[in-house]
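Participant: Under mature numbering (1 follows the signal peptide of the UniProt record, and there is no 0), the residues of the sequence shown are numbered -18 to -1, 1 to 256, in order. For each residue, glycine too, the CB sits at the ideal point set by N, CA and C.
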Amino acid sequence: MRLFSFLSLGLSSSCLKGCTPSSSNDVQLADPARPENSQEYGAIPAVPRPKATDPTDPKFLVDHGYSHWVFGKDGSAIYSKQYNKDLDPVLELYIDGGNKVLTIKNNYLHLEPPHENKLDVDKILEFACHYRKVDFHETKWIDMFVHDKDISDVIQKYRKDKDIGSDEIKVTPYHADWGTFSETSYYKDAVKMMPGAIIDKILIRRQDFWKNHDKYHIVIAEVLSFSYKKEVPQDGNMAVDSTDTDTTEVAAEDTVSASNKAVENEVKADVENS
């Protein structure tokens, strides 16, 4: 049984049971009995409302052909009229504002055809974060579930060649194997999600899930975690003690690990109830 098929089932089931639309969907429909361009005698012609351009505007997604639903404690699902007219989201994520971690469970924005209202992924993420009162620009980590079979195979081969089993993989820009993971589509997506930020570390963790009533466990996916580094001040006078740096890095990795575990529990609940 392949690991990729189960993740995509999570939202449809969970959303039908617990999704609620955000206020951005609260749009009044036009009266179908009256042509859109008609006007009463003597009435002042209505001036079209300009399209929202600020991701913090409640109408931002709706004005661009998207809708936003929330589910569970931290879940958000984005739908696009251009991508799919069914119940499948174009983007599904979890927002951990406390730990400043975003987890991308499903991302199909690359399959959305070009259109004049198409939004960049960072703008969509900023909207979703703002809705949950989280500052998107303070994000420290972005996690992504791996669905691409070719990239999953690369990770499995790396684990086998390095004889590291299911242990965590960690690479930095100066690591000999940095290119193995920085040349993937997931890395490129991570760059687009936080324009101008620097990715200074990649962690790869395997997450296993069990069906409560099954005798076997299901490996859902590998999870790529991208760490974003703050830019050095223009004067270049940022003095950092090496001991403090090591301590901070360990704390940061513990934070993203805790966030991963919390998301794992939410995804597990979705899978078990699907």
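(1) So, for residue 82: in the same chain, excluding its five sequence neighbours on each side, which residues have a beta-carbon less than 6 Å away from its beta-carbon?
(2) Hey, residue 211 and residue 185 are a contact pair by Cβ (cut 8 Å); roughly how many whole angstroms apart?
(3) I'd like the list of long-range same chain contacts for residue 62, defined as Cβ closer than 6 Å, with 5 residues on each side in sequence excluded.
(4) Under 7 Å between the Cβ atoms of residue 133 and residue 166?
(5) Restricting to Cα atoms, I'd like to know which of 204, 86, 136 is closest to residue 77.
(6) Look up residue 59 in the DSSP assignment and give the residues it is bridged to.
(7) Express the C-alpha separation of residue 32 and residue 20 in angstroms, rounding to a whole number.
(8) Around the C-beta of residue 17, are 16 or more other C-beta atoms found within 10 angstroms, so that it is buried, or is it exposed?
(9) Comparing C-alpha positions only, which one of 111, 26, 103 sits nearest to residue 58?
(10) Under DSSP, the alpha helix (DSSP H) around residue 175 begins and ends at which residues?
(11) Just how far apart, CA to CA, sit residue 66 and residue 144?
Facilitator: Reading off the structure:
(1) Locating residue 82 in the sequence shown gives position 100, where the first residue counts as 1. Within the same chain, and ignoring the five residues on either side of residue 82 in sequence, the residues whose Cβ sits closer than 6 Å to its Cβ are 120, 121, 122.
(2) Mapped onto the sequence shown, residue 211 falls at position 229. Mapped onto the sequence shown, residue 185 falls at position 203. Contact between residue 211 and residue 185 fails: their C-beta atoms lie close to 14 Å from each other, not under 8 Å.
(3) Here residue 62 is taken as the residue at index 80 of the sequence shown, counted from 1. Cβ within range, chain order: 48, 72, 94.
(4) On the sequence shown, residue 133 is found 151 positions in, with the first residue counted as 1. On the sequence shown, residue 166 is found 184 positions in, with the first residue counted as 1. In this structure, residue 166 lies closer than 7 Å to residue 133 by Cβ.
(5) The residue given as residue 77 occupies position 95 in the sequence shown. For the residues 204, 86, 136, the minimum Cα distance to residue 77 belongs to 86.
(6) One-based indexing of the sequence shown puts residue 59 at position 77. Here residue 59 is bridged, per DSSP, to 51, 74.
(7) For this step, residue 20 is matched to residue 38 along the sequence shown. For this step, residue 32 is matched to residue 50 along the sequence shown. Only weak support is given to the placement of residue 20: the predicted model assigns it a pLDDT of 46, under 50, and the question is left unresolved by the model.
(8) On the sequence shown, residue 17 is found 35 positions in, with the first residue counted as 1. Low local confidence applies: a pLDDT of 48 at residue 17 is under 50, so the model's placement there is unreliable, with the coordinate-based value given in what follows. That one is exposed.
(9) Taking the sequence shown and counting its residues from 1, one reaches residue 58 at position 76. Closest option to residue 58, Cα to Cα, is 111.
(10) To locate residue 175, count along the sequence shown from 1; it is residue 193. In the DSSP assignment, residue 175 falls within the alpha helix (DSSP H) that extends over 167 to 175.
(11) What you label residue 66 is simply residue 84 of the sequence shown in a count that begins at 1. What you label residue 144 is simply residue 162 of the sequence shown in a count that begins at 1. Answer to the nearest angstrom: the Cα atoms are 41 Å apart.
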